[in-house]
């Protein structure tokens, strides 16, 4: 699975810390998602999609 | 996760857990505190009599179901270690998110494997009454391994 999280985050001008605070997660978790070291749950994926006003498919896709 | 304790208990329970382990170890090995806090207790089962045959020591008989005198230091130390260990192991991190939850679950699984791996080895390498040391270690084995493995993985997570 790959993701465009970093692309969207930069586009919206957020830092990893900003996203972490919005999701009540740690910055390291956002970093792990961006680097494909951790694949988030559906709930977290939907929350991320809501922040970036896009579909989950736009953020995450299968290789 | 709803089953976890509040984060504010993490530090104090950690100190109590790691400080009490060497004290308990000392008390257990030296038996120096066996005569402290002696009170009447009512054991459900208790081996007392020992006989020696051909270089081995066997225990027979029981004085269960009757009041006996017993030093409570060991029992108190074990209780403190177990309670502090559980609170320390299962209290929330500062940021308790799903990745931390995943690390915690994996660490718990790994600690079970390590603990029972050691128990299996000890089963074939340590015999007779000496095996009681293995059983005593097993009282806190899983908690101790879980604590160490989880803390190491958290350290790597935060460092990354």
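Protein chains in written order, with the numbering used here: chain A, 9 to 71; chain B, 2 to 161.
Idealized CB from N, CA, C, for every residue including glycine.
Per-residue contacts from residue 159/B into chain A (C-beta, under 7 Å): Those are 36, listed as they occur along chain A.
Once DSSP output is grouped into helix, strand and coil, what is the label at residue 69/A? DSSP places residue 69/A in strand when its eight states are reduced to three.
I need the straight-line Cα distance from residue 142/B to residue 88/B, nearest angstrom please. Distance between the alpha carbons of residue 142/B and residue 88/B: 15 Å.
8 Å Cβ cutoff, residue 5/B in contact with chain A: Output row for residue 5/B: interface = no.
Short Cβ contact (8 Å threshold) for residue 42/A with residue 98/B: No, the pair does not count as a contact, with Cβ atoms beyond the cut-off.
Please identify the residue among 151/B, 95/B, 17/B, 153/B whose C-alpha is closest to the C-alpha of residue 7/B. The shortest Cα separation from residue 7/B among 151/B, 95/B, 17/B, 153/B belongs to 95/B.
To the nearest angstrom, how far is the alpha carbon of residue 117/B from that of residue 139/B? One alpha carbon belongs to residue 117/B, the other to residue 139/B, and they sit about 9 Å apart.
Using a Cβ-Cβ distance under 8 Å, would residue 100/B count as near chain A? At least one chain A Cβ lies under 8 Å of residue 100/B.
At which residues does the alpha helix (DSSP H) containing residue 72/B begin and terminate? Annotation: residue 72/B is outside any alpha helix (DSSP H); the continuous beta strand (DSSP E) that includes it extends over 69-72.
Consult DSSP for residue 132/B and reduce its assignment to one of helix, strand or coil. In the structure shown, residue 132/B sits in a helix (DSSP, three-state: H, G or I).
Inspect the beta-carbon positions of residue 91/B and residue 112/B and report whether they are closer than 8 Å. No.
List the residues of chain A that residue 96/B touches, going by C-beta distances under 9 Å, in chain order. Under the 9 Å cutoff, chain A gives 28, 32, 33, 34, 35, 36, 37.
Please identify the residue among 122/B, 77/B, 37/B whose C-alpha is closest to the C-alpha of residue 17/B. Between residue 17/B and the set 122/B, 77/B, 37/B, the nearest pair of CA atoms involves 77/B.
Around the Cβ of residue 46/B, are there at least 16 other Cβ atoms within 10 angstroms (buried) or fewer (exposed)? Flag for residue 46/B reads exposed.
Quick check on DSSP: helix, strand or coil for residue 44/A? Of the three classes helix, strand and coil, the one that applies to residue 44/A here is coil, per DSSP.
Exposure label - residue 37/B; buried when at least 16 CB within 10 Å: Per the 10 Å Cβ criterion, exposed.
Is the CB-CB distance between residue 123/B and residue 79/B below 8 Å? Result no, Cβ atoms of residue 123/B and residue 79/B do not sit closer than 8 Å.
Whole angstroms is fine: what's the gap from residue 46/A's alpha carbon to residue 14/B's? Straight through space, the alpha carbons of residue 14/B and residue 46/A are spaced by roughly 30 Å.
Taking only beta-carbon positions, decide if residue 50/A is within less than 8 Å of chain B. The beta carbon of residue 50/A sits no closer than 8 Å to any beta carbon of chain B.
In terms of alpha-carbon separation, which member of 27/A, 49/A, 50/A lies closest to residue 39/A? The candidate whose alpha carbon is nearest that of residue 39/A is 27/A.
Identify the residues that DSSP records as bridge partners of residue 6/B: which are they? Beta-bridge analysis with DSSP links residue 6/B to 92/B.
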